[in-house]
Every structure is written in C-alpha cells, then in structure tokens.
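Counting in this note's numbering, the sequence shown runs from 73 upward without gaps.
Each residue gets a CB set at the ideal place from its N, CA and C atoms; glycine is no exception.
The model shown is predicted, which means the values in this text are computed figures rather than measured ones.
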Amino acid sequence: MTKRRIALAIFAAGLAVAACQSSPPTHYFALSAVPPAAAQTEAKVVPLLRVARVSIPGELDRLEIVRRGDSNQLRIATFDVWAAPLDTMIQRVLSEDLASRLGAGAVASFNEPATAGATAQLFVDIEDFAGD
C-alpha cells in the first residue's frame with residue numbers, strides 16, 4: 073500500500089508541474105495609415121467618398137495571422153493575432169489614409185451609415201494580402 077501511495081504522490085506532483093507550464097504570450101497586431109509626405113489642408117474637387125466594403129479571401133478571415141509557406145501551404149500563427157477583424161481594420165485604415173491624402177471633408181468616416189451623404193462609394197476586393 074505504501075508503494076502505491078508513493079507512486080500516486082509522484083504522479084500527482086507530475087500533473088501539478090505540467091499544469092504550471094504556461095503557453096507563449098499572445099501578440100496582437102494592428103494596421104495603421106501611412107501619412108502622406110505633405111498633408112492636404114483643403115479637399116480637392118472630389119465627391120464625398122466612402123469606403124463602403126472591404127472583402128478579403130476566406131483563408132485570411134480569422135483573427136490568427138496567416139502566413140504563406142512553401143507552395144500552397146498556409147501557416148496559422150496561433151499566438152500572433154489581429155487586434156480586430158482584418159477586413160474591418162483594412163476598411164478603417166484605408167478610410168483614414170484616403171482622408172489624409174484627399175483632404176478634410178473628402179472622405180466619410182468608415183463607420184458612418186451608407187446614407188450619410190457620400191456621393192461615391194468604394195468597394196475593395198483584396199485577392200492577396202502578404203507582407204515582406
């Protein structure tokens with residue numbers, strides 16, 4: 073009986089040590105607009121533009137960052153994730169970038185409703201999204 077208790081205690085200690093191990097930290101990534109060389113002060117003569125929709129490939133429509141591997145392989149980074157849905161983040165950043173390049177009042181906010189007065193709508197279909 074004593075040997076059985078010792079073996080059980082060793083097994084329980086092993087489980088306790090295994091439970092204390094931690095996973096790698098999760099890293100969150102976000103996109104940001106790149107400011108133009110010279111900021112616009114007035115809107116150029118363009119209709120009010122709204123980035124209406126951004127669509128991304130299905131394999132990228134997840135919080136985990138997906139990287140291309142050799143040939144047709146995809147690598148899903150379990151602990152490297154987007155801070156927000158990628159399509160929404162691209163829509164926000166593209167709106168901000170266009171607003172900084174076209175000038176104040178030329179681009180409607182990305183989260184305004186479609187009936188907010190925009191006279192031109194931009195629909196973006198991304199076919200590939202990869203970084204160097």
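DSSP-derived helix/strand/coil call for residue i
i, result
"Arg76", "helix"
"Gln193", "strand"
"Arg134", "coil"
"Leu103", "coil"
Cα-Cα separation between residue i and residue j, rounded to whole angstroms
i, j, result
"Phe201", "Phe151", "19 Å"
"Leu146", "Ile137", "10 Å"
"Arg140", "Ala149", "11 Å"
"His99", "Ile128", "22 Å"
"Leu194", "Ser94", "45 Å"
"Ala102", "Pro157", "10 Å"
"Glu199", "Ser104", "20 Å"
"Trp154", "Lys75", "52 Å"
Cβ distance (whole Å) where residue i is taken to contact residue j below 8 Å
i, j, result
"Asp197", "Asp159", "At roughly 11 Å, the Cβ-Cβ gap does not stay under 8 Å, so Asp197 and Asp159 are not in contact."
"Phe182", "Val123", "6 Å"
Residue environment, residue i, which counts as buried when at least 16 other CB atoms sit within 10 Å
i, result
"Val106", "exposed"
"Ser167", "buried"
"Leu135", "exposed"
Can you list, in chain order, the stretches of the alpha helix (DSSP H) that have 4 or more residues and sit fully within the stretch 147 to 175? 158 to 174
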